[in-house]
Every structure is written in C-alpha cells, then in structure tokens.
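Numbering (this note's numbering), first residue to last: 3 to 324.
Cβ atoms here follow ideal geometry from the backbone N, Cα and C, with glycine treated the same way.
Taking it in order: structure first as structure tokens, then the write-up.
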Amino acid sequence: MTWLVTGGAGYIGAHVVRALLDAGEQVVVVDDLSSGLRRKVPDQVVLVEADVRDRDALARALATHRVEGVVHLAAKKAVAESVAQPMQYYRENVDGVLSLVEAMTDAGVSRIVFSSSAAVYGSPDTDFVREETPTIPMSPYGGTKLVGEWAIRDATTAYGLTAIALRYFNVAGAGAADLGDTGANNLIPMVLRAYSNGQRPQVFGADYSTADGSCIRDYIHVADLADAHVIAAQRLASETTPWSVYNIGRGVGSSVFEVMDSVGAAIGEPLNPEVVQRRAGDPARIVASAEAARAGLGWSATRDLDDMVTSAWSAWQQYPPS
Ligand SMILES: NC(=O)c1ccc[n+]([C@@H]2O[C@H](COP(=O)([O-])OP(=O)(O)OC[C@H]3O[C@@H](n4cnc5c(N)ncnc54)[C@H](O)[C@@H]3O)[C@@H](O)[C@H]2O)c1
C-alpha cells in the first residue's frame with residue numbers, strides 16, 4: 003500500500019519513512035524542506051517539495067502516486083516560538099490539517115495517522131497522563147495540535163475517514179546515524195550542541211515542584227515511535243473505530259538533570275549545567291500512561307533513556323550538524 007508521509011524529510015518523519023519501507027509499504031513524501039533535509043529521504047522515495055497548505059499540490063501527489071493513506075507529521079513545533087508568534091503557528095499547523103483533509107476527501111483517501119503531542123494536555127495535575135485527562139494546552143503550539151485533532155475527528159464523522167492520533171511525548175535518539183535530531187529546541191541536541199561549542203548546557207528553571215527542581219518529561223526513542231506509526235498505519239486498514247487517540251510514551255519520567263547525567267556518561271565527561279530562567283509554556287511534569295497504546299495497538303517502547311542518549315551522541319559525532 004502507498005502512504006503519503008508529510009514532513010518525511012524531518013527528524014521523526016524520516017524515521018517513519020524508513021520504518022514503513024522496512025515493513026514493505028510504499029512511500030511518497032511531501033515536505034517543504036523548511037526544517038527537513040533532502041538527504042534524509044531515501045533515493046527510492048519520491049519527494050514532492052510542497053507546502054502542506056497547498057491543496058492542489060497535495061491533490062496531485064495523492065492522485066499521481068495512487069496514495070491510500072497519509073501519515074501527517076509536517077508542522078512547526080517550537081513551543082516558545084509559538085508563544086511569540088501564535089498566529090503563524092495556527093496558520094501553519096491548523097491550515098495544514100484542513101487542506102490535507104480536504105485534499106484527501108476529494109481524492110477518496112480515507113486513512114490518516116496524525117502527529118499529535120503531549121502538549122495538548124498542558125500542565126495536568128496527575129502523575130500519569132491518560133488519554134482521557136483533560137486537554138488544556140499551555141502553549142499555542144499545543145493548541146494547534148488539539149485543534150488539528152478536532153478537525154480530523156470531525157472529518158471522520160462527516161466524511162468517513164478513519165484516523166489515529168498519536169500524542170508523542172518527548173522524542174529523542176536516532177534510529178540510524180544519519181537521522182539524528184539536530185533541532186534547536188529538544189533537550190538532548192541542545193545539550194550536545196552546547197558541549198560541542200565548549201559551552202555549559204542550560205537548564206530552563208530549577209525551581210519547579212519536582213524532586214530536583216527541573217522539569218520532568220517522558221522521553222521516547224524515535225525508533226520506538228516510528229514502529230508505533232507502522233502499527234497504527236497498518237491497523238487503519240481493519241480499524242472499525244473511526245477515531246482513536248493514543249499516548250506514545252514510556253510511562254517513565256526523567257528530569258532535565260537526569261538527562262544531563264546520562265549525556266555526561268555517554269560522552270565520558272560530567273557536564274556542568276547552568277540554571278537559567280524558565281521558558282514560557284513549560285509544564286513541570288508530564289509523563290504518559292502508556293497503557294492504552296499497549297492494549298489498543300499492541301505497542302510499547304523497547305528502548306530506554308541511555309539508548310536514546312547513546313544513539314543521539316553517536317549520530318551527532320558521525321553527522322555533525324552544520
Ligand atoms: N520532536 C518531538 O519531540 C515532538 C513531540 C511531539 C510531537 N511532535 C510532532 O512531530 C512532528 C514532526 O516533528 P519533528 O520533530 O520531526 O520536526 P522537524 O521540524 O524535524 O520535521 C518537520 C518536517 O515538516 C516539514 N514541514 C514543516 N512545515 C511544513 C509545511 N507547511 N509543509 C510541508 N512540510 C513542512 C519540515 O521541513 C520538516 O521536514 C511535528 O508535527 C511535531 O509537532 C514532535
């Protein structure tokens with residue numbers, strides 16, 4: 003079956019593309035290369051260089067390649083930037099969903115896996131976030147993901163789509179050396195960048211109500227996440243529930259200081275982090291309940307934080323970001 007993967011030249015999308023190919027699926031990528039890299043798209047995969055808001059380009063890609071399902075990852079994802087530029091984030095992320103769903107319904111394509119985020123929950127007052135936990139985003143970025151979910155959910159009712167939204171927690175690591183995360187905003191690449199530049203890595207706030215004062219997150223290996231997409235995509239063929247949502251996390255919380263310790267162990271040198279101001283829109287703790295994905299998709303993570311850190315460090319050394 004042929005899948006159109008939007009954002010397939012990005013960090014997570016490139017892993018999803020390879021995992022789908024490994025599972026015997028055909029793939030076409032739509033990506034505007036605003037943050038993605040052409041080199042991450044395998045030679046046998048067609049890259050359509052277009053904005054997901056360009057409905058005509060999507061319609062052509064869906065028809066030309068006889069696409070039967072979509073994995074929609076293309077989006078802007080920097081929380082702090084979304085606080086500063088909310089309109090741009092709603093325009094990019096929500097319009098992207100709307101034009102994609104319209105192009106799909108026009109083309110008779112009914113299956114979609116949607117990249118959502120733990121950011122839809124905001125700052126939930128619970129140790130383990132379940133899919134039923136109220137969604138009260140703290141940032142415009144989280145808001146765009148929640149509105150995207152609503153639009154797709156409503157399209158399942160109106161137009162007969164079948165959809166699975168995956169709410170990723172904090173994605174890290176590399177499934178292959180050439181696919182490492184070079185993003186400016188995720189913790190592990192930020193720490194590696196600081197180390198490589200001879201600077202102290204920064205901790206954004208150490209006065210949160212957590213054991214060591216730094217924020218706690220649920221880190222998930224990008225290769226585990228890519229496997230979850232393949233399972234979700236293949237599940238859509240036989241899925242009788244038109245709309246489902248799953249947390250994709252490990253159910254294990256790690257603090258920023260714990261991540262820095264793991265990075266220090268991987269590089270063989272303790273880090274000397276510098277505590278600076280909190281960032282806008284950062285909740286103190288957010289850790290998934292991973293039970294629904296285990297029960298509903300038969301998926302659970304197999305890799306731990308040290309696997310993420312060592313694979314990220316190895317990728318960073320072999321493919322240093324320019
Ligand atoms: N990285 C994380 O920890 C995390 C957590 C939760 C959710 N997500 C979601 O996962 C998805 C992928 O994130 P990522 O970390 O791989 O980011 P990324 O920036 O590496 O990838 C995004 C890709 O989408 C492309 N893109 C962006 N806007 C586009 C547009 N309008 N049209 C076409 N292509 C466009 C970019 O060029 C890039 O290749 C996003 O939807 C993000 O919100 C990421």
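Which residue from the options puts its Cα closest to that of residue i?
i	options	result
S216	Q279, R169 and L238	Q279
V193	A179, G175 and D209	G175
V54	G9, A294 and D220	G9
D56	W245, L100 and H231	L100
V311	V50, I269 and Y92	I269
A165	R219, S198 and R237	R237
D284	F206, P244 and A292	F206
L6	V149, V47 and P136	V47
R40	H74, S246, D180 and A317	D180
R155	S256, S246, S36 and T107	S246
L1	A295, P203 and I218	Outside the displayed span of the chain (3 to 324) sits residue 1, for which this structure offers no information.
Y197	A295, A267, M89 and A294	A267
If I follow the unbroken alpha helix (DSSP H) through residue i, where does it start and stop?
i	result
A59	R57 to T66
S313	L307 to Q320
E293	E293 to L299
S302	Segment: none, S302 is in no alpha helix (DSSP H) and carries neither H nor E.
L194	L189 to S198
V18	Y13 to D24
M262	V258 to I269
Which residues does DSSP pair with residue i in a beta bridge?
i	result
R113	G71 and T164
Q90	Paired residues: none, contrary to the question.
I222	V173
R287	I218
E51	D33
Q28	T4
W245	A165
V131	A290
S211	Partner(s): none; S211 has no beta bridge.
S119	Y170
Under DSSP, the beta strand (DSSP E) around residue i begins and ends at which residues?
i	result
A174	N172 to A174
E276	E276 to V278
Q204	Q204 to F206
L35	L35 -> no beta strand (DSSP E), and no H or E assigned at all.
V254	Careful: V254 lies outside any beta strand (DSSP E) and carries neither H nor E.
Practice prompt. Check whether the region 69–88 touches the region 136–147, counting contact only when three or more Cβ pairs, one atom from each stretch, lie closer than 8 Å.
Written response: As far as the Cβ criterion goes, the region 69–88 touches the region 136–147, which means the pair count is three or higher.
Worksheet item: Three or more C-beta pairs closer than 8 Å, one from the region 216–229 and one from the region 14–24: is that the case here?
Response: A contact exists between the region 216–229 and the region 14–24.
Item to complete: Mind the definition here: the region 54–62 touches the region 247–262 only if three or more C-beta pairs lie below 8 Å; say whether that holds.
Response: Because the criterion of three Cβ pairs below 8 Å is not met, the region 54–62 and the region 247–262 do not touch.
Practice prompt. Give a yes or no on contact between the region 18–33 and the region 63–75, applying the rule of three or more CB pairs nearer than 8 Å.
Written response: Yes, they touch.
Worksheet item: Any chance the region 118–137 sits against the region 160–171, with 3 or more Cβ pairs inside 8 Å?
Response: Segments in contact, yes.
Discussion item. Contact between the region 238–256 and the region 131–139 is defined here as three or more beta-carbon pairs at a separation below 8 Å; is this criterion met?
Written reply: Enough Cβ pairs lie closer than 8 Å, so yes.
Discussion item. I'd like to know if the region 229–241 and the region 288–308 are in contact, where contact means that at least 3 CB-CB pairs between them fall below 8 Å.
Written reply: The way I'd put it, the region 229–241 does touch the region 288–308; three or more beta-carbon pairs between them come closer than 8 Å.
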